[in-house]
Every structure is written in structure tokens, then in C-alpha cells.
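Number of protein chains: 2
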Amino acid sequence: MAEGKISSAVIKRLPRYYRHLGELLEQGVERISSGELSERMKVTASQIRQDLNHFGGFGQQGYGYNVKYLYTEIGKILGLDKKHNVIIIGAGNLGRAIANYANFEKRGFVITGIFDKNPAASERELKGKRVMDIGELEDFAGKNRIDIAALTIPKDEAVMVADRLVRLGIKAIWNFAHTDLNVPKDVVVESVHLSESLMRISYKLVNGDEE
Amino acid sequence: MAEGKISSAVIKRLPRYYRHLGELLEQGVERISSGELSERMKVTASQIRQDLNHFGGFGQQGYGYNVKYLYTEIGKILGLDKKHNVIIIGAGNLGRAIANYANFEKRGFVITGIFDKNPAASERELKGKRVMDIGELEDFAGKNRIDIAALTIPKDEAVMVADRLVRLGIKAIWNFAHTDLNVPKDVVVESVHLSESLMRISYKLVNGDEE
Chain A
2 MAEGKISSAV IKRLPRYYRH LGELLEQGVE RISSGELSER MKVTASQIRQ DLNHFGGFGQ
62 QGYGYNVKYL YTEIGKILGL DKKHNVIIIG AGNLGRAIAN YANFEKRGFV ITGIFDKNPA
122 ASERELKGKR VMDIGELEDF AGKNRIDIAA LTIPKDEAVM VADRLVRLGI KAIWNFAHTD
182 LNVPKDVVVE SVHLSESLMR ISYKLVNGDE E
Chain B
2 MAEGKISSAV IKRLPRYYRH LGELLEQGVE RISSGELSER MKVTASQIRQ DLNHFGGFGQ
62 QGYGYNVKYL YTEIGKILGL DKKHNVIIIG AGNLGRAIAN YANFEKRGFV ITGIFDKNPA
122 ASERELKGKR VMDIGELEDF AGKNRIDIAA LTIPKDEAVM VADRLVRLGI KAIWNFAHTD
182 LNVPKDVVVE SVHLSESLMR ISYKLVNGDE E
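Listed in order, the protein sequences are those of chains A and B.
The opening position of the first sequence corresponds to residue 2 in the working numbering, with each subsequent residue numbered one higher.
The opening position of the second sequence corresponds to residue 2 in the working numbering, with each subsequent residue numbered one higher.
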């Protein structure tokens, strides 16, 4: 079990640890030293020891970390031992990509509904689910728990739909629209701004990567 | 023109400034005070003044910032005044979403080639371009300049394809695969790890957002 309070800097790094530990598990690795993990993750070994120290000091001299234990504990902290119901709003290519990403489901993120403002005939089905009209959102939300809503729609629509989601009491928005969303403080917004990501590449190409 | 060296912390924030300034331009706003920009971007006004001070002190008392000037200057620093040739490897939903995102082209990122290891009949065309077989990559790279390669393929393939890209001298990889890529230091890798993004939501839902 995690000991004491974990700093937000460590928390930010946990998903990456979780990913690497998951890869190690897939490869059948049962334990790993901080040195090996350091080489793999390109993080200093002392950083790793400091970060993972929060998880009960399982990095023992001459033994290393128990991969499965760490993976499970970090998963719990990240809330991955719970099931999250996810709806996708926008059944275009990006929405379809997310709906079809099997890894999400494996980690407890279950797609329970897909909406579009104009479900074209060819897109009426996605992962065996009917693509609902966005007009059905309120009705659906009244009958089903929704934990997370992914917005894969253009920015103007995203702003309006985000307001509707807030009114429906949905507490987390995964925003792919090219805009910020103004929502109350108790609503979690995680934005994936792809064009900002591209700009960072462009900057590094032009100026050299100094990180 | 930018004055002196800009810190990497400021650089990281530039894409977001660029996005907001672009939105203001679209709305016909010609100038904006640090206070208004602060409210819009949820950043303190003093942070904004400090950041934008690098661009020639154009935030004058009682005048505010010239939106178009700042937008243009930040664009130059980000390398957006140059054309970048982008290839996409993986013509699945995510690759298609990226190929169809018109905003990228507007900012100088031009999709010049799309590859897949098994271009299905239904996917042979994308944005009016033939989806090439991944076997054609070396031939294509010999005849065309490639600045950025987007990898929208599963992780095992991504690792192998990244090696090929490095051998072809491609200097930037936009990685969507759920893994890190080991490439030489002079190759820029920008990763978009969607599942890590989802985990951050999950963490905040379960533990409360303390940021």
C-alpha cells in the first residue's frame, strides 16, 4: 500500500511507470532493479528509487522491485481497479479510433455510449453499438451512469456540449477539441491538443531539441 | 522579433498562447490586455507579462498586446512559417483522423504520404492520396523530403518502423503507439500516449483534482 501522501510530481509520472511495468509483465519479467528500470525508462535510478519508495519500500537491495506488485499498487492509485463508464461524443475518425482501442477496455474504461449529431448511415454501428443522436444524450444520461465523456467534435460544438455534460452532472471530460473548456472546478478536464503537440515538434526541428 | 534566449518553460507554453491568439484573431480582436488574456487563459496576468515580454515589449500600458503581431512572432518561433512534410504510417482510424484534420495543413504541416502494411481495398484512398504499402517507404523517402513521420500503428510495429525511419534520416517522429521509442538523440520524438491521458482522468476522479 502507498505510504503517506504522494506528491503531484510523482503522480504525473505514475502512468508512465504503469505502462513500463505492464510491458515488463507481458514479457514475463517478475522483478527488476532500479538500475534496469532506469535504463529502460531513461530516468535516473535515484529518481526511480525516490518515486517508488512511496509504495512500501519494495525495492530491496539485491532483489529489486516486484513488477506485478508495483503494477497492481500503482493501478489502484490511478483508480484503474474501478470500472469507468465512458461515452464518446463524435463518431468521426477520432471517435472511432478511441472506441476501437481495446487497451482502454482492458484497463476498466468501458465505452457505454456513442453519440453524433448526424449519425450517417454508414456510421450507425460502432463496436456493435448503435451510434445515438446527440439529442438522446439527456435521456441516456438519466438512465445510465456516465463517468467520463470524450469529446471528439469540432471546437464550437465542444463548448456547447461541455455545458450540457456539466448540467448532466458528468464529472470528467476528455477533450480533443482545439479549444479550452470552461467548466466548474469540480469537473475534471483532460485535454489532448494534437496541434500543440505538432507545434512542439516543429519548434524542436527548427531550433534543436534542448531538453 | 524575440529578444534574447527564451526559456524552455516559456517555449512549452507558446503553443497554447498561439492557439488562444489564433482564436482571438478569428473573432476579430486586434488587441488585448494582459488582464483580459489572463482571464481567458486562466494564467496570472504577471505570468503573461513575463512570458510575452520576450517579444519586444509590445504589451504597452493602456494599449495591450497587438494580437496579430504576437500571433505571427510566436508562429515564427514555433517554426510555423515553414512548410513541414508529414507522412502518416498507419491508415486506420487514428491515421485517418490526422490525415483529415484540416487545421494541420493550415499551419504548414502538409501530409505528403500515407502508408499501411496492408492497405485494405476500402482504404486505398485517403484525402485523394493512394495509401501506399509500407514496403514502398524507402523508395518514397529516396524521392521526397520527409520532415515528420506520424506513427499510428500498434507498438510492436512502431518500434520496428521507427528504426527504419531513423535509417532513412527522418528527424522527427510523432508517436501514437503505446510505447517509448529508442532513437538517437538528434531525432525528435513527440509521443501522444492516450492511455496515460485517460489514467490522469481516472486518478483525478478517484482522488480529487488537486492541481
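In this text, a Cβ means the ideal position worked out from N, Cα and C, and glycines have one as well.
Candidates the options: closest to residue i by CA position
{"i": "Gly91/A", "options": "Asp117/A, Arg14/A, Leu22/A", "result": "Asp117/A"}
{"i": "Leu127/A", "options": "Ile89/A, Ile171/A, Thr180/A, Leu26/A", "result": "Ile89/A"}
{"i": "Glu24/A", "options": "Ile149/B, Ala178/B, Val188/B", "result": "Ala178/B"}
{"i": "Gly93/A", "options": "Val193/A, Asn119/A, Leu22/A, Pro16/A", "result": "Asn119/A"}
{"i": "Lys107/B", "options": "Lys84/B, Gly114/B, Thr113/B, Gly129/B", "result": "Lys84/B"}
{"i": "Asp52/B", "options": "Val30/B, Ser8/B, Leu199/B", "result": "Ser8/B"}
{"i": "Lys130/B", "options": "Asn101/B, Glu139/B, Glu191/B, Lys144/B", "result": "Asn101/B"}
{"i": "Ile112/A", "options": "Gly170/A, Ile149/A, Ser47/A", "result": "Ile149/A"}
{"i": "Glu191/B", "options": "Leu199/A, Phe105/A, Lys144/A", "result": "Leu199/A"}
{"i": "Lys144/A", "options": "Gly170/A, Leu15/A, Tyr204/A", "result": "Gly170/A"}
{"i": "Lys186/A", "options": "Ile135/B, Lys43/B, Asp82/B, Ala103/B", "result": "Lys43/B"}
{"i": "Trp175/B", "options": "Arg165/A, Trp175/A, Arg201/A, Asn176/A", "result": "Arg201/A"}
Residue i (DSSP reduced to helix, strand or coil)
{"i": "Ser192/B", "result": "strand"}
{"i": "Leu127/A", "result": "strand"}
{"i": "Val30/B", "result": "coil"}
{"i": "Asn145/B", "result": "coil"}
{"i": "Thr113/B", "result": "strand"}
{"i": "Gly209/B", "result": "coil"}
{"i": "Gly96/A", "result": "helix"}
{"i": "Val44/A", "result": "coil"}
{"i": "His85/B", "result": "strand"}
{"i": "Ala121/A", "result": "coil"}
{"i": "Thr153/A", "result": "coil"}
{"i": "Ala159/B", "result": "helix"}
{"i": "Tyr64/B", "result": "coil"}
{"i": "Ile7/A", "result": "coil"}
{"i": "Asn183/A", "result": "coil"}
{"i": "Ala178/A", "result": "coil"}
{"i": "Lys13/A", "result": "helix"}
{"i": "Ile90/B", "result": "strand"}
Under 8 Å between C-beta atoms of residue i and residue j
{"i": "Tyr19/B", "j": "Gly76/B", "result": "yes"}
{"i": "Ile33/A", "j": "Tyr66/A", "result": "yes"}
{"i": "Val167/B", "j": "Val188/B", "result": "yes"}
{"i": "Val207/A", "j": "Gly80/B", "result": "yes"}
{"i": "Val262/A", "j": "His55/A", "result": "Outside the shown range of chain A, which is 2 to 212, sits residue 262/A, and nothing can be said about it."}
{"i": "Gly213/A", "j": "Met133/A", "result": "Absent from the model: residue 213/A. The displayed extent of chain A is 2 to 212, so no value can be given."}
{"i": "Arg50/A", "j": "His21/A", "result": "no"}
{"i": "Phe105/B", "j": "Ser196/A", "result": "yes"}
{"i": "Glu27/B", "j": "Val68/B", "result": "no"}
{"i": "Ile78/A", "j": "Leu15/A", "result": "yes"}
Neighbour-count burial assignment, residue i, 16 or more Cβ in a 10 Å radius
{"i": "Ala173/B", "result": "buried"}
{"i": "Glu4/A", "result": "Residue placement at Glu4/A is poorly supported in this model, since its pLDDT is 47, which falls under 50; the coordinates still yield a value, given next. It counts as exposed."}
{"i": "Glu139/B", "result": "exposed"}
{"i": "Ser47/A", "result": "exposed"}
{"i": "Ala142/B", "result": "buried"}
{"i": "Glu74/A", "result": "buried"}
{"i": "Tyr64/B", "result": "exposed"}
{"i": "Lys205/B", "result": "buried"}
Neighbour list for residue i in chain C, Cβ cutoff strictly below 7 Å
{"i": "Asp164/B", "result": "Structure shown: chain C not included; protein chains present are A and B."}
Checklist entry - Does the segment 180 to 192 of chain A come close enough to the segment 156 to 175 of chain B that 3 or more CB-CB pairs lie under 8 Å? => result No, the segment 156 to 175 of chain B does not touch the segment 180 to 192 of chain A.
Checklist entry - So does the segment 139 to 157 of chain B actually touch the segment 94 to 103 of chain B, counting three or more Cβ pairs closer than 8 Å? => result Contact holds: three or more Cβ-Cβ distances are below 8 Å.
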